[in-house]
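In this note's numbering, the protein residues as written are 8 to 95.
Virtual Cβ for every residue (Gly too), placed ideally from N, Cα, C.
Please read these numbers as outputs of a predicted model, since none were measured by experiment.
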């Protein structure tokens with residue numbers, strides 16, 4: 008059974024993009040290549056994955072993605088920073 012992950016990518020401008028995937032590194036590569044990436048990155052290339060969160064299944068991943076997308080930029084930045092603070 009594949010595990011689903013919610014990911015946040017920071018674009019060159021500092022914009023944050025949220026998505027879900029069973030393989031966020033592959034998806035990030037697709038975003039960077041422009042072939043199968045999100046339109047979001049056509050004018051503002053992705054720079055790095057700044058957040059990963061595991062979900063037990065696709066449904067939970069979709070709901071959490073929606074929840075994160077509804078957050079303000081300030082809240083999303085705090086979420087990213089909480090992960091980075093925990094990694095230190």
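field: At least 3 beta-carbon pairs within less than 8 Å: the region 59–72 vs the region 24–32
entry: Proximity of the region 59–72 to the region 24–32 meets the contact definition, three or more beta-carbon pairs being nearer than 8 Å.
- prompt: Closest by CA to residue 89, which one among 64, 53, 60 and 77?
  reply: Taking the chain shown and counting its residues from 1, the one referred to as residue 89 is at position 82. The candidate whose alpha carbon is nearest that of residue 89 is 60.
query: For the region 14–68, which segments carrying the beta strand (DSSP E) assignment without a break, of at least 3 residues, lie completely within its bounds, in sequence order?
result: Counting only runs of 3 or more, we get 23–28 and 53–62.
message: Am I right that residue 20 and residue 51 are in contact with their C-beta atoms under 8 Å? What's the rounded C-beta distance?
response: As a working note, residue 20 is residue 13 in the chain shown. As a working note, residue 51 is residue 44 in the chain shown. Residue 20 to residue 51, Cβ: 5 Å. Contact.
query: Less than 7 Å separating the beta-carbons of residue 23 and residue 83?
result: Indexing the chain shown from 1 puts residue 23 at position 16. Indexing the chain shown from 1 puts residue 83 at position 76. For residue 23 and residue 83, yes; Cβs fall inside 7 Å.
field: Beta-carbon proximity of residue 87 to residue 53, cut-off 7 Å
entry: Walking along the chain shown from the start, residue 87 turns up at place 80. Walking along the chain shown from the start, residue 53 turns up at place 46. Not in contact: residue 87 and residue 53 (Cβ atoms no closer than 7 Å).
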